[in-house]
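Engineer:
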Amino acid sequence: MKLYLVPTPIGNLDDITLRAIKVLQQVDAILAEDTRTSGVLLRHLNISKPLHSYHIFNEHQTVQRLVDQLKGGKTLALVSDAGTPGISDPGFLLVRECIRHAIPVECLPGPTAFVPALVNSGLPADRFTFEGFLPHKKGRQTRLAELADEERTMVLYESPHRLLKTLQQLADVLSPDRPASVSRELTKLFEETVRGPLSELIAYFAEKTPKGELVICVQGKAPEKGKGRKERGGRADEADEDE
Ligand code: SAM
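Taking the UniProt record's numbering, the leading residue of the sequence shown gets 1, the next gets one more, and so forth.
#1: Give me the DSSP bridge partner(s) of T193.
#2: May I ask you to report which of helix, strand or coil DSSP gives I99?
#3: Can you name the start and end residues of the beta strand (DSSP E) that I47 belongs to?
#4: Taking the straight line between their C-alpha atoms, what separation do you get for A82 and T8?
#5: Does the ligand SAM have even one heavy atom less than 7 Å from the beta-carbon of R162?
#6: With distances taken from CA atoms, which of L186, L13 and H60 is nearest K211?
#7: Name the residue from D14, H60, T129 and V23 whose alpha carbon lies nearest to the alpha carbon of H44.
#8: Threshold first: 3 residues or longer. Then list the beta strand (DSSP E) segments lying entirely within the stretch 1–40, N to C.
#9: Got a sec? Which residues, its chain only, sit under 7 Å from G39 by beta carbon, not counting five neighbours each side?
#10: Have a look at I99, P223, S175 and L76 and flag the residue whose alpha-carbon is nearest the alpha-carbon of I202.
#11: Rounded to the nearest angstrom, how far is the Cβ of T166 from that of L189, given a contact under 8 Å?
#12: Closest by CA to T153, which one among L164, G132, H136 and Q141?
#13: Can you say whether G226 is buried or exposed, counting buried as having 16 or more other CB atoms within 10 angstroms of its CB?
#14: Quick check on P85: buried or exposed, where buried means 16 or more other Cβ atoms within 10 Å of its Cβ?
#15: Quick one: residues in its chain with C-beta nearer than 8 Å to the C-beta of residue 316, no 5 flanking neighbours on either side, listed in chain order?
#16: With a 10 Å radius around its C-beta and 16 neighbouring C-beta atoms as the bar for buried, classify A102 as buried or exposed.
#17: Note the first and the last residue of the continuous alpha helix (DSSP H) segment covering T75.
Structure (structure tokens):
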């Protein structure tokens, strides 16, 4: 009885861990966001397992049935189309329900888009906030306004057709001069990270229509005078006490 969350590549098929392969070989069944997409990966890995659909539209209905299967002794693996399940992807509801029923849960470490984007950005990575996708309509302005005073580096997921609008709104709320980056097509053939003030990123992508998947990183607001923090690589054990 166990639920595994297994990260899968975000582009480059070599980015799957040996343990992820082992777990996918051992489980009784695999739950997939899109059975066709995961089927391609499983064929590539030569893994043949029962594959069931688990996506945002059937998450609520399926959770109880899956909990029953797990309680019956089954071991299941949840995968999403790409990256780590539960990160801007389905997974949270099932994990919470498993924990409630004392079913062991284990998330393997592995690919996810926001970590390489954050590190590639060159912006402080010692403290950051993962914002995922901004709401498209309701609540969007509130979320943007909340970011105005954020001092940590902000990481956002975005689709190419909303990129310019989001960069423009971030520039309006934060400042056109705020250092930022856009990482596109991470781990893929045309991987690209563009760095600069928000105004430059807007000009760049107004000229070159963005394509593919992308992550935006934006530097946080400078701390108020006297409350400054030292720039460091982010190791907690290097921190001074009571700065
Ligand atoms: N679960 C995934 C993860 O762990 O990163 C995220 C899934 S979310 C539905 C998809 C979003 O992740 C994309 O719109 C994009 O913002 C980001 N993303 C996924 N793959 C990417 C890649 N190869 N390059 C850049 N961004 C990527």
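Idealized CB from N, CA, C, for every residue including glycine.
Structural biologist: The relevant details are as follows:
#1: Answer is S183.
#2: Three-state DSSP puts I99 in a helix.
#3: Careful: I47 lies outside any beta strand (DSSP E) and carries neither H nor E.
#4: C-alpha of A82 to C-alpha of T8: approximately 5 Å in a straight line.
#5: False, no ligand heavy atom lies under 7 Å from that Cβ.
#6: Among L186, L13 and H60, the Cα nearest to that of K211 is on L186.
#7: The shortest Cα separation from H44 among D14, H60, T129 and V23 belongs to D14.
#8: Fully enclosed beta strand (DSSP E) runs of 3 or longer: 2–5 and 29–32.
#9: Once the five neighbours on either side are set aside, the close Cβ partners of G39 are L51.
#10: Per the Cα distances, S175.
#11: Not really, about 25 Å apart at Cβ, beyond 8 Å.
#12: Taking only the C-alpha atoms, the option nearest T153 is G132.
#13: Burial state of G226 is exposed, judged by a 10 Å Cβ sphere holding fewer than 16 other Cβ atoms.
#14: So P85 ends up on the buried side.
#15: In the structure displayed, the chain extends from 1 to 243; residue 316 sits before or after that span and is not available.
#16: In the assembly as shown, A102 is an exposed residue. Its beta-carbon has fewer than 16 other beta-carbons within 10 Å.
#17: Run containing T75: none in the alpha helix (DSSP H); it sits in the beta strand (DSSP E), T75 to V79.
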